[in-house]
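Per our numbering, the very first residue in the sequence shown carries number 722; after that it's consecutive.
Here's the structure we're looking at; comments come further down.
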Amino acid sequence: MTRVPTLLPLCTFVLSISCGDSTPSEQDSPDTASTGAEGDPPGDTGSEAEPEPATPTYTYWRDAKSIIDAKCANCHQPDDIAPFPLVNYDDVQAVAAVLPASLQGQTMPPWPPDSSCQDYAHSRALDPQEQQVLLTWLDEGAPEGDPSQAPTSDDEPSGPAFTPTLSIEMPEPYTPTAEPDDYRCFPVAWPESDTRFITGYQVIPGNRSIVHHVIVFNASADLADEVAQMDADDPGPGYTCFGNAGVQAQSVSSWVPGSNASALPEGTGVQIEPGSVMIIQMHYNTLSSEPASDQTRLELVLADQVERPALTLPVVNFQWITGGEPMHIPAGDPAARHSFDLSASNPFVRQQLNRLGIESDEPFLVHGAGLHMHYLGTQGLLSVLRDDGAEDCVLQIDQWDFGWQGSYTLREPLRVDPQDQLHISCTWDNSASNQPTVDGEVLPPQDVEWGEGTTDEMCLGSLYVSAE
């Protein structure tokens, strides 16, 4: 199946500037050259002098560069997945004509969560002041200014340098075979013989020009044979997967363009048992680059113990998955919606929390959250419904984009009590105007339910939780 993703096309701009010559030509008569138009006194050209150029409100070096470097340049690097670099003034000036539309439409920088829902760490979103600076600067012609006016920072590095304990790599290089999108899972046996805790991670793509995003899962030891069989049954390295790892594995880490080394919330870590399997799920996109070899690597910081062991808790109606209560999305419906409230005292929830030593009558903390749908998704919400009727938003995405899904860390953890409810709701557009493309043809709308395939759908939330 070929799915055309919603990426901005790489545009080419040709700027033509013609300048007049103020020197009189050889055909000008001496009288005309010296006296100007007929009737004008000598020395008067008959026109007013051009005004001095206005002082720009903002310049690249003094104002715009620091914002672009912090919010844009991490993704927009040479030979990276973004269609053009934004690492210097010439780069920015070359595409200045298309930047205002992206900024005003808030499609760039990509940051899906609604900022009114929660305060998230490491946000890529522009605040109103940053957006105003860039839009005003671009409207005034993107003046470069004086490099000596670039602000300097005396800030000390925040924390020690990232020092990995363990490096895990795809077993062998892989070249995408499906275009423009190839979803592939690569299992790697967990090499540690003792129980360890992941406290930090860094995903290092082997070929940034084709790696769109990476999600790393851990499958428990009792699933190792099933994973190995999926790998053996699929020709070539790894196996085709879409949406998840193909088994009920827990999410460990993720990467999207612009991501750097990440530390899990202080004092927490994800427990990994001997005999388990790490599954590196790759999304390759070759829309802006020819298929090429990749061998992505995962670097991990491990600890023998942590103050608060943590795990990823799924928030979902399991009846959708089993078909007991079909998650029906009718053909042609532009705003199909399903929702579910999962009690924090639900036996499945308490079973998962018990792995962290949390008793059935004890609260837990939410440190981060994620949402997952496929291509028809438009909106998603995760929240906590309190016993007193109040609602605390955890994650709200109003313009779902499959290409920019991720996990988001709350600046302050959110407490959930046993009597609370975990709420999830998803909305999909299954109209004719929002259908995937297969082999160059747009599919007609069809009834959709829960499934693993590209043309199926999901409504899955995830919470990174620990004991209080």
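Using N, Cα and C, we set each Cβ at its ideal position, and we do this for glycine too.
query                                                                                                                                                                             : result
How far does the alpha helix (DSSP H) with Met1048 in it extend, from its first residue to its last?                                                                              : Counting along the chain, Met1048 falls outside any alpha helix (DSSP H), and DSSP gives it neither H nor E.
Grouping DSSP H, G and I as helix and E and B as strand, with all else coil, what is Met999?                                                                                      : strand
In whole angstroms, what is the alpha-carbon distance linking Leu856 and Gln1040?                                                                                                 : 48 Å
Is Asn1038 near Phe1069, with beta carbons less than 8 Å apart?                                                                                                                   : no
Nearest to Tyr1129 by alpha carbon, out of Glu900, Ala984, Ala785 and Asp790?                                                                                                     : Ala984
Kindly indicate which three-state DSSP category Trp1041 falls into: helix, strand or coil?                                                                                        : helix
DSSP on Leu1164, reduced to helix/strand/coil?                                                                                                                                    : coil
Determine the burial state of His797: buried for a count of at least 16 other Cβ atoms within 10 Å of its Cβ, exposed for fewer.                                                  : buried
So is Gly880 buried or exposed if we call it buried at 16+ other beta carbons inside 10 Å?                                                                                        : Summary for Gly880: the model assigns pLDDT 48, below 50, so the residue's position carries little reliability, and this model does not support an answer.
For the alpha helix (DSSP H) containing Val854, name the first residue and the last one.                                                                                          : Pro849 to Asp860
Quick one: using the 10 Å Cβ neighbour count with 16 as the cut-off for buried, is Glu1178 buried or exposed?                                                                     : buried
Would you kindly report the start and end of the unbroken beta strand (DSSP E) that includes Ala940?                                                                              : Val932 to Ala940
Taking the alpha carbon of Ala949 as the point to measure from, which residue in Met1094, Asp1138, Val968 and His933 has its own alpha carbon closest?                            : Val968
Below 8 Å, can you find three or more Cβ-Cβ pairs linking the segment 1103 to 1117 to the segment 1135 to 1147?                                                                   : yes
Just how far apart, CA to CA, sit Tyr895 and Gly1161?                                                                                                                             : 25 Å
Look at the alpha carbon of Glu1083 and the alpha carbon of Thr1033, and state the distance between them as a whole number of angstroms.                                          : 18 Å
For the segment 1062 to 1105, list the alpha helix (DSSP H) runs that are entirely contained and at least 4 residues long, ordered along the chain.                               : 1068 to 1075
Classify Glu1189 as helix, strand or coil using the three-state DSSP reduction.                                                                                                   : coil
Beta-carbon separation of Ser997 and Trp858 under 8 Å?                                                                                                                            : no
When the distance is taken between beta carbons, is Phe907 closer than 8 Å to Glu1173?                                                                                            : no
Would Gly866 and Tyr781 qualify as a contact pair, given that the criterion is a beta-carbon distance under 8 Å?                                                                  : yes
Report all residues from its chain with a CB closer than 6 Å to the CB of Ser1187; omit the five preceding and five following residues, and keep chain order.                     : Thr989, Arg1029, Ala1031 and Leu1086
Write down every uninterrupted run of the alpha helix (DSSP H) in the segment 767 to 829 whose length is 4 residues or greater and which is fully enclosed by it, in chain order. : 786 to 792, 810 to 815 and 820 to 825
I need the DSSP call for Pro690, collapsed to helix, strand or coil.                                                                                                              : Outside the displayed span of the chain (722 to 1189) sits residue 690, for which this structure offers no information.
Just to confirm my understanding: we take Thr886, look at its own chain, exclude 5 residues before and 5 after, and list those with CB closer than 7 Å. What are they?            : Leu1021, Val1022 and Leu1023
Note down the Cα distance separating Leu729 from Pro804, rounded to an integer number of angstroms.                                                                               : Any answer about Leu729 is weak, because its pLDDT of 30 lies below 50 and its placement is not dependable; what the coordinates show is given next. When rounded, the distance between both Cα atoms is 8 Å.
Name the residue from Ala842, Val808, Leu847 and Asp811 whose alpha carbon lies nearest to the alpha carbon of Ser823.                                                            : Leu847
Would you report the Cα separation of Pro806 and Ala785, rounded to the nearest angstrom?                                                                                         : 15 Å
By Cβ distance below 7 Å, which residues in the same chain neighbour Pro897 in space, the five residues on each side in sequence not counted?                                     : Asp903, Ile931, Tyr1005, Thr1007 and Pro1012
Could you tell me which of Ala815, His1088, Ala1153 and Leu1131 sits nearest to Pro1165, measuring between CA atoms?                                                              : Ala1153
For His843, which residues in the same chain have their Cβ closer than 7 Å to its Cβ, ignoring the five residues on either side in sequence?                                      : Thr1130
Is Thr1176 helix, strand or coil by DSSP?                                                                                                                                         : coil
Considering only the alpha carbon of each residue, which of Trp1121, Ser941, Thr920 and Pro995 lies closest to Gln1026?                                                           : Thr920
Please state whether the Cβ-Cβ distance between Pro777 and Pro864 is less than 8 Å.                                                                                               : yes
Have a look at Ala794 and Val808 and give me their C-alpha separation to the nearest angstrom.                                                                                    : 6 Å
Please state whether DSSP places Val1115 in a helix, a strand or coil.                                                                                                            : strand
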